[in-house]
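Heads up, the thing below is written out as structure tokens.
There are 2 protein chains.
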Amino acid sequence: MANDERPAVAFLGPEASYTHQAALSTFPPTTHSLSPCTTIADVFTAVQSGTAHRGVVPFENSSNGSVIFTFDLIGDLHGTHPDILVCGEAYVPVKHCLLGHSIPNAIPTTGRNVQFDAKFTNPLAVPRSDLSKITKLYSHPQAWGQCKAFLDTYLKGVERQDVSSTSRAAELVAADPFGGTAALSSHVAAKVFGLDVLAESINDHLGNTTRFLVIRRRDSALAPQEDKHKNDKQDKWKSLLTFTVDHAHPGALAKCLTVFEKYALNLTSINTRPSGVENWNYVFFVEFDGRKEDDEAQGNVNKALNDVSRICKACSWKGSWKSRLELSTSAV
Amino acid sequence: MANDERPAVAFLGPEASYTHQAALSTFPPTTHSLSPCTTIADVFTAVQSGTAHRGVVPFENSSNGSVIFTFDLIGDLHGTHPDILVCGEAYVPVKHCLLGHSIPNAIPTTGRNVQFDAKFTNPLAVPRSDLSKITKLYSHPQAWGQCKAFLDTYLKGVERQDVSSTSRAAELVAADPFGGTAALSSHVAAKVFGLDVLAESINDHLGNTTRFLVIRRRDSALAPQEDKHKNDKQDKWKSLLTFTVDHAHPGALAKCLTVFEKYALNLTSINTRPSGVENWNYVFFVEFDGRKEDDEAQGNVNKALNDVSRICKACSWKGSWKSRLELSTSAV
Numbered sequence: 001m002a003n004d005e006r007p008a009v010a011f012l013g014p015e016a017s018y019t020h021q022a023a024l025s026t027f028p029p030t031t032h033s034l035s036p037c038t039t040i041a042d043v044f045t046a047v048q049s050g051t052a053h054r055g056v057v058p059f060e061n062s063s064n065g066s067v068i069f070t071f072d073l074i075g076d077l078h079g080t081h082p083d084i085l086v087c088g089e090a091y092v093p094v095k096h097c098l099l100g101h102s103i104p105n106a107i108p109t110t111g112r113n114v115q116f117d118a119k120f121t122n123p124l125a126v127p128r129s130d131l132s133k134i135t136k137l138y139s140h141p142q143a144w145g146q147c148k149a150f151l152d153t154y155l156k157g158v159e160r161q162d163v164s165s166t167s168r169a170a171e172l173v174a175a176d177p178f179g180g181t182a183a184l185s186s187h188v189a190a191k192v193f194g195l196d197v198l199a200e201s202i203n204d205h206l207g208n209t210t211r212f213l214v215i216r217r218r219d220s221a222l223a224p225q226e227d228k229h230k231n232d233k234q235d236k237w238k239s240l241l242t243f244t245v246d247h248a249h250p251g252a253l254a255k256c257l258t259v260f261e262k263y264a265l266n267l268t269s270i271n272t273r274p275s276g277v278e279n280w281n282y283v284f285f286v287e288f289d290g291r292k293e294d295d296e297a298q299g300n301v302n303k304a305l306n307d308v309s310r311i312c313k314a315c316s317w318k319g320s321w322k323s324r325l326e327l328s329t330s331a332v
Numbered sequence: 001m002a003n004d005e006r007p008a009v010a011f012l013g014p015e016a017s018y019t020h021q022a023a024l025s026t027f028p029p030t031t032h033s034l035s036p037c038t039t040i041a042d043v044f045t046a047v048q049s050g051t052a053h054r055g056v057v058p059f060e061n062s063s064n065g066s067v068i069f070t071f072d073l074i075g076d077l078h079g080t081h082p083d084i085l086v087c088g089e090a091y092v093p094v095k096h097c098l099l100g101h102s103i104p105n106a107i108p109t110t111g112r113n114v115q116f117d118a119k120f121t122n123p124l125a126v127p128r129s130d131l132s133k134i135t136k137l138y139s140h141p142q143a144w145g146q147c148k149a150f151l152d153t154y155l156k157g158v159e160r161q162d163v164s165s166t167s168r169a170a171e172l173v174a175a176d177p178f179g180g181t182a183a184l185s186s187h188v189a190a191k192v193f194g195l196d197v198l199a200e201s202i203n204d205h206l207g208n209t210t211r212f213l214v215i216r217r218r219d220s221a222l223a224p225q226e227d228k229h230k231n232d233k234q235d236k237w238k239s240l241l242t243f244t245v246d247h248a249h250p251g252a253l254a255k256c257l258t259v260f261e262k263y264a265l266n267l268t269s270i271n272t273r274p275s276g277v278e279n280w281n282y283v284f285f286v287e288f289d290g291r292k293e294d295d296e297a298q299g300n301v302n303k304a305l306n307d308v309s310r311i312c313k314a315c316s317w318k319g320s321w322k323s324r325l326e327l328s329t330s331a332v
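Listed in order, the protein sequences are those of chains A and B. According to my numbering, the stretch in the first sequence is residues 1 to 332, in order. According to my numbering, the stretch in the second sequence is residues 1 to 332, in order.
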């Protein structure tokens, strides 16, 4: 198959980012053309416009919580991406490393006054190199909070510069000829940018995982792995719903959630974002076990959606997809 | 009263920050000693340890949503701030300005290809000075997203540097003798750091407001304005509750929320954060109209708390306080 015949998959770049890893785990590059985007909004635009067949975006991290940019784009407050539906998910274990230029024959840094906090589930990483010459660190803003114990022990007080991704952090360090900078980034990025791993698995918690969503256009045909009828009926499926409630109608949220109980649909998460219309009004994002059956109007998910739409305002189904959670649990 | 006898109020600094404005609006400096802290966690620690009588921290912004650091500290996942309760709130209108060094006698910059987006509720600000020499902008990460139209129109492509607060951004610009930098910051910061207002009210939305919480230690005596019995019985009070639910018990969340309906307690917001214990388990933060009556065990809030604690795990009341929302609405 020629390169330009492969379906395009847009992902939040740059290459070697965790989102790239999520895209690779879902769409083999032999059959898909993976294309990095600069922002999450660009991924949505590529899929909405049809430039890309699928998109891959980060959704939540097990330690840091929601990626609000993705929520706001799915909520589509401004009507710019009305045809986007979720059709898949992927879990990628986040194992941060300290990347930089190791100093030959130097004695690796040892931590002073190491008080390892019992709340952290990952033993404190031991540097492989001398870290005393590092004067500046680059990373994505979320990474600092995931590597507190290591940073407090070995790199306390060192200047931190936020950049757009952990992969971009590695790229900047690779471009620094003096070796005074280091990046909190991934093993894959070390390979891509030719950096040394100065310390490995520096995150506070084992099992730190980021969850990604695969998005499609509403009118796009489903691939076999996205289609319930071509999958094991025992597979677990998830659905996402957004809605707003009338603030003059106090019990509406509880009533909406009771609908899911009535139809035995297990809620797996609930999130809120500002509605963008009026201060202190919110869009609710409710995720639950179950799948909207396009061909079975009397399925439980369809019944629940009907009931919810009668209670709340602007109720919108945002897709159903096969759960990959079990895969990630065994992979972490 | 001597300075050191005034009760200390810790706030997220530096001076001239929006949190400082919130602290000033609640605690007059004639009767309180206001003390800036470097991080939100430092404010919690100052109050928990008794170093400060009260603390003031940002909680949510009407456009950008929750301040997750504050939620995680209130949730107290690691048991470091077990005695913190919320006892007040304050709303501060966020009116960003572009601060810098104006160029004498220069012709103010005019925007090219101005396509003002109808979704923005604040008319596009007009610069008072020439902005063409600005090569670098400083601000808090949340501010960029709040000033999209202005930045896209007049400062497209100019390098942006994230700093810890809008006030710190102004401080950095004040220290730049060459005048090639500018800050997205406040009127108050312009005065404090002696900068020129190059453009005023550059945020996309009118009424962009940040909500702050006042925190106290559980054993700290209530001031008259914090005490229901010294206030008008018609005043509206709010309460905050945190809890986790058993994931083996699907309907628990809906059941918890139904309790509030049963006792006619209007839910005003619901938020979730990772529980810190197990991946994809969450702490729920539920805010509702009503006040826990310490002396009336049979009040509706106490009854609801009792019911909820029987359904969910780790249920914890995090305080009750007088709503200031009406004040903010009229002030915006």
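Glycine included, C-beta positions come from ideal geometry on N, C-alpha and C.
Test item: CB-CB of residue i and residue j under 7 Å
| i | j | result |
| --- | --- | --- |
| residue 209 of chain A | residue 279 of chain B | yes |
| residue 20 of chain B | residue 11 of chain B | yes |
| residue 215 of chain B | residue 86 of chain B | yes |
| residue 240 of chain A | residue 156 of chain A | no |
| residue 70 of chain B | residue 40 of chain B | yes |
| residue 32 of chain A | residue 9 of chain A | yes |
| residue 167 of chain A | residue 7 of chain A | no |
| residue 198 of chain A | residue 127 of chain A | yes |
| residue 260 of chain B | residue 22 of chain B | no |
| residue 242 of chain B | residue 283 of chain B | yes |
As assigned by DSSP and simplified to three states, the class of residue i
| i | result |
| --- | --- |
| residue 139 of chain A | strand |
| residue 11 of chain A | strand |
| residue 306 of chain A | helix |
| residue 246 of chain B | coil |
| residue 333 of chain A | It is not possible to answer for residue 333 of chain A, since the shown part of chain A is limited to 1 through 332. |
| residue 268 of chain B | strand |
| residue 120 of chain B | coil |
| residue 349 of chain A | In this structure chain A extends from 1 to 332, so residue 349 of chain A is not present and cannot be described. |
| residue 221 of chain A | coil |
| residue 230 of chain B | helix |
| residue 70 of chain B | helix |
| residue 162 of chain A | strand |
Test: residue i CB closer than 7 Å to a CB of chain A
| i | result |
| --- | --- |
| residue 119 of chain B | yes |
| residue 38 of chain B | no |
| residue 323 of chain B | no |
| residue 209 of chain B | yes |
| residue 78 of chain B | yes |
| residue 273 of chain B | yes |
| residue 254 of chain B | yes |
| residue 261 of chain B | yes |
Nearest-angstrom Cα separation, counted from residue j out to residue i
| i | j | result |
| --- | --- | --- |
| residue 48 of chain B | residue 143 of chain A | 27 Å |
| residue 37 of chain A | residue 108 of chain B | 35 Å |
| residue 73 of chain B | residue 95 of chain A | 25 Å |
| residue 193 of chain B | residue 89 of chain B | 28 Å |
| residue 82 of chain B | residue 176 of chain B | 43 Å |
| residue 258 of chain A | residue 255 of chain B | 7 Å |
| residue 325 of chain A | residue 220 of chain B | 45 Å |
| residue 310 of chain A | residue 301 of chain A | 14 Å |
| residue 328 of chain A | residue 51 of chain B | At residue 328 of chain A the pLDDT is 44, less than 50, meaning the model places this residue with poor confidence and gives no usable figure here. |
| residue 43 of chain B | residue 312 of chain A | 39 Å |
| residue 91 of chain B | residue 238 of chain B | 14 Å |
| residue 146 of chain A | residue 140 of chain B | 20 Å |
| residue 65 of chain A | residue 274 of chain B | 6 Å |
| residue 133 of chain A | residue 315 of chain A | 55 Å |
| residue 75 of chain B | residue 170 of chain A | 34 Å |
| residue 68 of chain B | residue 271 of chain B | 10 Å |
Test: residue i CB closer than 7 Å to a CB of chain B
| i | result |
| --- | --- |
| residue 162 of chain A | yes |
| residue 310 of chain A | no |
| residue 279 of chain A | yes |
| residue 137 of chain A | no |
| residue 241 of chain A | no |
Proximity test, residue i beta-carbon vs the ligand PLP heavy atom, cut-off 6 Å
| i | result |
| --- | --- |
| residue 259 of chain A | With respect to the ligand PLP, the structure shown offers nothing to examine, as it has no ligands at all. |
Presumed contact (8 Å Cβ cut-off) between residue i and residue j, rounded CB distance
| i | j | result |
| --- | --- | --- |
| residue 99 of chain A | residue 173 of chain A | 6 Å |
| residue 265 of chain B | residue 289 of chain B | 6 Å |
| residue 207 of chain A | residue 136 of chain A | So it is not a contact: roughly 29 Å between Cβ atoms. |
| residue 231 of chain A | residue 322 of chain A | 6 Å |
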